[in-house]
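A.B. asks: Residue numbers (the numbering used here): 1335 to 1619.
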Amino acid sequence: MNTLKIAIQKSGRLNEDSLKILKDCGISIENGNDQLKATASNFPLEVLYLRNSDIPQYVSDGVADIAIVGDNLLIEKGNDLEIVERLGFSKCRVSVAVPKTFDYDGLKSLQGKKIATSYPNTVQRFFNGNGIDVEIHQISGSVEIAPNIGLSDAIVDIVSTGSTLFKNNLKEVEVILKSEAVLAVSPKIDPEKRELLQKLQFRIQSVLKARKSKYILMNVPNTKIQAVSSILPVLKSPTIMPLAEEGWSSLHSVINEDTFWEVIDRLKEAGAEGILVCPIEKMVL
1335 MNTLKIAIQK
1345 SGRLNEDSLK
1355 ILKDCGISIE
1365 NGNDQLKATA
1375 SNFPLEVLYL
1385 RNSDIPQYVS
1395 DGVADIAIVG
1405 DNLLIEKGND
1415 LEIVERLGFS
1425 KCRVSVAVPK
1435 TFDYDGLKSL
1445 QGKKIATSYP
1455 NTVQRFFNGN
1465 GIDVEIHQIS
1475 GSVEIAPNIG
1485 LSDAIVDIVS
1495 TGSTLFKNNL
1505 KEVEVILKSE
1515 AVLAVSPKID
1525 PEKRELLQKL
1535 QFRIQSVLKA
1545 RKSKYILMNV
1555 PNTKIQAVSS
1565 ILPVLKSPTI
1575 MPLAEEGWSS
1585 LHSVINEDTF
1595 WEVIDRLKEA
1605 GAEGILVCPI
1615 EKMVL
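1. Per the DSSP calculation, Cys1359 is bridged to which residue(s)?
2. Flag this pair as yes or no: are the beta carbons of Leu1415 and Leu1421 separated by less than 7 Å?
3. Enumerated in chain order, which unbroken segments of the beta strand (DSSP E) with a length of 3 residues or greater are wholly contained in the segment 1416-1447?
4. Rounding to the nearest angstrom, what Cα-Cα distance links Lys1505 and Ile1342 in this structure?
5. Since Lys1527 is in the alpha helix (DSSP H), which residue starts that stretch and which ends it?
6. Work out the CA separation of Asp1358 and Ser1587 for me, nearest whole Å.
7. Note the first and the last residue of the continuous alpha helix (DSSP H) segment covering Asn1406.
8. Look at the Cβ atom of Leu1559, then the Cβ atom of Val1611, and state whether they are nearer than 7 Å.
9. Alpha carbons only, please: which of Gly1360, Leu1444, Asn1376, Lys1339 is nearest the one belonging to Ile1402?
10. Of all the options Val1393, Gly1446, Leu1441, which has the alpha carbon lying nearest to the alpha carbon of His1471?
11. Helix, strand or coil for Asp1368, going by three-state DSSP, please let me know.
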């Protein structure tokens, strides 16, 4: 049987989030410390633990069939890899940051300045596109320390919460791009492995739909069932069950996480009472 090879980050937050979504998909992976690859026990999948910056090349060359990787890295490396799923986790942005004392007045303030970054191609394209000449210093590791030691006037780095910038007396002034984890596919994947990928995608989509939704139960007067039902947009129709109390029913449905509180307010106004909300593990439509 063919085995689908997936590359994920060897360590860090993206590693943890990648393993979690595979686990949520029902895939059991036994991996020990410092292991460079591991095989799933209940799905034809082999996990390759790689350095983050190496993943795009491994996928391009066909060493790995697929990968979970930040799309900011794909943009930086210039790999024209097919993205089949946006995964919605490990969200961040690639941003320009300057010292708090820097008198920043738009990109023109960086004309001729030194920029330290681990993303030289992304930075060069951005500033070229805006007609600004900068001197790029490519470094790896702790980019945020560069202005403090006199290596650069500003940095371009990944920003999540902004706490690291704050600790190093930096302020975020421009967002170059926003990024999240994606599922990328090798151009050399064969048809049999493509079928395995589709099965994996089906599981991933079910997990992602569940993460974005909440299961909701509520008590509603029978006279207001139609009004309440019209507010519940996710499923085709809510489940309606009569209560022991005459004239009342229990409605079960699903609502989107993004509009959760707005929908709850509307349901209460329409007559819903005793609203219970539960997480959903999987959602297959």
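Ideal Cβ positions, reconstructed from N, Cα and C, are used throughout, including at glycine.
C.D. replies: In this structure, then:
1. The beta-bridge partner set that DSSP reports for Cys1359 is empty.
2. For Leu1415 and Leu1421, no; Cβs fall outside 7 Å.
3. 1416-1420, 1426-1433
4. Using only the alpha carbons, I get a separation of about 31 Å.
5. 1525-1545
6. 22 Å
7. 1405-1411
8. The sequence as given places Ile at residue 1559; Leu does not occur at that position. In this structure, Ile1559 keeps its C-beta atom at 7 Å or more from the C-beta atom of Val1611.
9. Lys1339
10. Gly1446
11. coil
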